Structures are given as C-alpha cells and as structure tokens.
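> What follows is a single structure, and I will ask about it in a moment.
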Amino acid sequence: MKLLYILYQIFIALPILLVATIITCITIIIGCSIGNAHFWSYWPGKIWSILFCYVLLLPVTVKRNPNVKKDTSYVFVANHQGAFDIFLIYGFLGHEFKWLMKQSLRKMPLIGKASESAGHIFVDKSGPRKILATIMHARKVLTGGMSLVIFAEGSRSFTGHMGIFKRGAFQLADQLQLPIVPITLNGPFDVLSRTSKWPKWHPLTMTIHDPIYPECKGEENVNRMMEESYQAIMKGLPEKYQGTVENPDQ
112 MKLLYILYQI FIALPILLVA TIITCITIII GCSIGNAHFW SYWPGKIWSI LFCYVLLLPV
172 TVKRNPNVKK DTSYVFVANH QGAFDIFLIY GFLGHEFKWL MKQSLRKMPL IGKASESAGH
232 IFVDKSGPRK ILATIMHARK VLTGGMSLVI FAEGSRSFTG HMGIFKRGAF QLADQLQLPI
292 VPITLNGPFD VLSRTSKWPK WHPLTMTIHD PIYPECKGEE NVNRMMEESY QAIMKGLPEK
352 YQGTVENPDQ
C-alpha cells in the first residue's frame, strides 16, 4: 500500500497540486489587484488547501467550538507540527483570517507575492519601530470579524511535541485587546514532519478550543493568556506527543 500511495502521489497527486498551486497564486495576485480583495484573498487559498488534503486522500476531522463566533475578530494560536498545518487551518478553520508570517516567506516564488497581495502580515523584527508598525498594521486589518492566525512556537516541531511558546502572539492580542483561540493540530507531523521528504498517509484533526478573553492589559494578561493557551493545546494532543520538547532553532 505504501508503494501504491507513493506512485499515486508521483503520477497523479503532485502534478495536479503543482498546477493548482500556480493557478491559485496567479488568481490571488490578479484578483486582489482588480478589486474585492476580501474575496480573492481568502477563497482561492481555502479551496487550494482543501484540494491539497483531498487529492492526497487525507481524512480531515474538525472539532468546532460553538463559542467561536464568525463575526468576531480573534487571534488564533496553534501548535506547529508540520507543513500540513497550513492546509488544515486554511482549508477548514471556517473563519476568515490573515496569517502572521515570517519576513523571509515574502521571498518565496509566487507564494510570497500571492501572500503579499492577499494582505497577510509579514513580521519585521529588525527593530522596535518595525515591530510597532506590524502592530499598527494588524490593528487596521483585524476588524469586522477578520482574524489572525499565528504558530506560537515560531517554527515546526522536530518530534511532534510542542516547543516553547513565543510571546509575540499574546503581546499582540494584549495590545489589541482581542481574545485568543487556541487550536490543537494532530496529524500533520505524521503526514510530513520537518525532517521528512515525502508525505505519508495519516488522518488530520483540528480541535478549536474556547476563546480566552483579555482581563486586563500588560504582562500579567500576556502571561495568563499564554499559559492557558499552552495548556489547552497540550490537552488536545495524543499521549505520544504530550510534554514539552525545545526545538533547537527556537
């Protein structure tokens, strides 16, 4: 079965997904330039992500939370198991959002330009003024139910376990006084880990937890939201991925 799945990927899935990626990027770039960027920045990427999972025959389960309202802006915070985290969230979250992305991703051919056209937020950590500019940009974007998605660890796991959370997502939520929604992702590590070169078949699961609302403003609020988010995401992981493992590049 493993051999058949690899042959299926080589001769059927990967050619389809390569063409779909190119078409999606071009569609986003052109669509956002001619108008209605609200539509073009979200739906092509969502359809592309769903296609990625289904063409690779990956079952997807989403455990939704009725307390997460579509007309409310949130900062969604997720663990980062692997590359398929992106497809799972983009395709199945069911809430319009912008990614908070590393500045280096802007240089990726086509994808970087499409992400820029779609209005995703690139983080420039070169100085305090750049960080402040990122916060001000996010304040303008996160209105009318538009949300933000951040991988709190900052980099993919090497083991499937969670690493240490960075404070940036929670400081941003504190500054903007937005609720945090923790998300537990299971399966992306087993599909394509950071050290793997070829996808494997494995179910994907996304668990959306209760929102964590700001109670005040400042370090106490940041620390509380970060700890509660960490514990919520950790509880959603299977036993084999329980516990904290520090990533070398964190």
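Read the sequence shown against our numbering and you will find it ends at 361, with the numbers running on by one and no gaps.
Just so you know, even glycine gets a beta-carbon here, dropped at the ideal spot from N, CA and C.
Given the structure is predicted, the values throughout are model-derived calculations rather than measurements.
To the nearest angstrom, how far is it from the Cα of residue 192 to the Cα of residue 121?
As a position in the sequence shown, residue 192 is number 81, starting the count at 1. As a position in the sequence shown, residue 121 is number 10, starting the count at 1. Each residue's alpha carbon lies about 24 Å from the other.
> For residue 172 and residue 241, I'd like the C-alpha separation in whole angstroms.
Looking up residue 172 in the sequence shown gives position 61. Looking up residue 241 in the sequence shown gives position 130. Those two C-alpha atoms are separated by around 38 Å.
> Do residue 213 and residue 318 have their C-beta atoms within less than 8 Å of each other?
Along the sequence shown, one-based indexing puts residue 213 at 102. Along the sequence shown, one-based indexing puts residue 318 at 207. Taking 8 Å as the Cβ cut-off, residue 213 and residue 318 do not qualify as a contacting pair.
> Using only CA atoms, which one of 198, 286 and 164 lies nearest to residue 244?
Against the sequence shown, residue 244 aligns to sequence position 133. Minimum Cα distance to residue 244 is reached at 286.
> Alpha helix (DSSP H) containing residue 345: first to last residue?
Numbered from its first residue, the sequence shown carries residue 345 at position 234. Where residue 345 is concerned, the enclosing alpha helix (DSSP H) stretches over 330-346.
> Could you round the C-beta distance between residue 278 and residue 337 to whole angstroms and report it? I think they count as a contact, below 8 Å.
As a working note, residue 278 is residue 167 in the sequence shown. As a working note, residue 337 is residue 226 in the sequence shown. Right, their Cβ atoms sit about 7 Å apart.
> Give the list of continuous beta strand (DSSP E) stretches no shorter than 3 residues that lie fully inside the region 202-248.
DSSP runs (the beta strand (DSSP E)) wholly in the region 202-248: 208-213 and 232-234.
> Taking all protein chains shown into account, do 16 or more other C-beta atoms lie within 10 angstroms of the C-beta of residue 302, making it buried, or fewer, making it exposed?
Counting from 1 along the sequence shown, the entry for residue 302 is found at position 191. Flag for residue 302 reads buried.
> What first and last residue would you give for the beta strand (DSSP E) that runs through residue 187?
The residue given as residue 187 occupies position 76 in the sequence shown. Here the beta strand (DSSP E) through residue 187 covers 186-189.
> Return the Cβ separation of residue 258 and residue 206 in integer angstroms, given the expectation that the two are a contact with Cβ distance under 8 Å.
To locate residue 258, count along the sequence shown from 1; it is residue 147. To locate residue 206, count along the sequence shown from 1; it is residue 95. Their Cβ separation, rounded to whole angstroms, is 6 Å, which keeps residue 258 and residue 206 in contact under 8 Å.
> Within its chain, find whatever has a CB closer than 8 Å to the CB of residue 170; leave out the 5 residues flanking it on each side and keep chain order.
Residue mapping note: residue 170 aligns to position 59 of the sequence shown, counting from 1. Answer for residue 170: 314 and 315, listed in chain order.
> Can you tell me where the alpha helix (DSSP H) holding residue 118 begins and where it ends?
Counting from one through the sequence shown, the residue named residue 118 turns up at place 7. It spans 113-119 - the alpha helix (DSSP H) in which residue 118 sits, taken as one unbroken run.
> Would you mind sorting residue 201 into buried or exposed? The rule is 16 or more other CB atoms within 10 Å of its CB.
For the purposes of this step, residue 201 is taken as residue 90 along the sequence shown, with counting starting at 1. Classification of residue 201: buried, given that the 10 Å Cβ count is 16 or more.
> Take residue 158 as the anchor and find which of 145, 199 and 185 has the nearest alpha-carbon.
In the sequence shown, residue 158 corresponds to position 47, counting from 1. Measuring from the Cα of residue 158, the nearest candidate turns out to be 199.
> Alpha carbons only, please: which of 311, 284 and 322 is nearest the one belonging to residue 294?
The sequence position of residue 294 within the sequence shown is 183, counting from 1. Nearest of 311, 284 and 322 to residue 294, Cα basis: 322.
> Taking all protein chains shown into account, do 16 or more other C-beta atoms lie within 10 angstroms of the C-beta of residue 348, making it buried, or fewer, making it exposed?
Within the sequence shown, the letter at position 237 stands for residue 348. By the neighbour-count rule (16 or more Cβ atoms within 10 Å), residue 348 is buried.
> Roughly how far, in whole angstroms, is the beta-carbon of residue 132 from the beta-carbon of residue 155, given that I think they are within contact range, below 8 Å?
Indexing the sequence shown from 1 puts residue 132 at position 21. Indexing the sequence shown from 1 puts residue 155 at position 44. Incorrect: roughly 11 Å between the Cβ atoms, too far for contact.
> Residue 272 and residue 352: beta carbons closer than 8 Å?
Along the sequence shown, read from residue 1 onward, the residue named residue 272 stands at position 161. Along the sequence shown, read from residue 1 onward, the residue named residue 352 stands at position 241. Yes.
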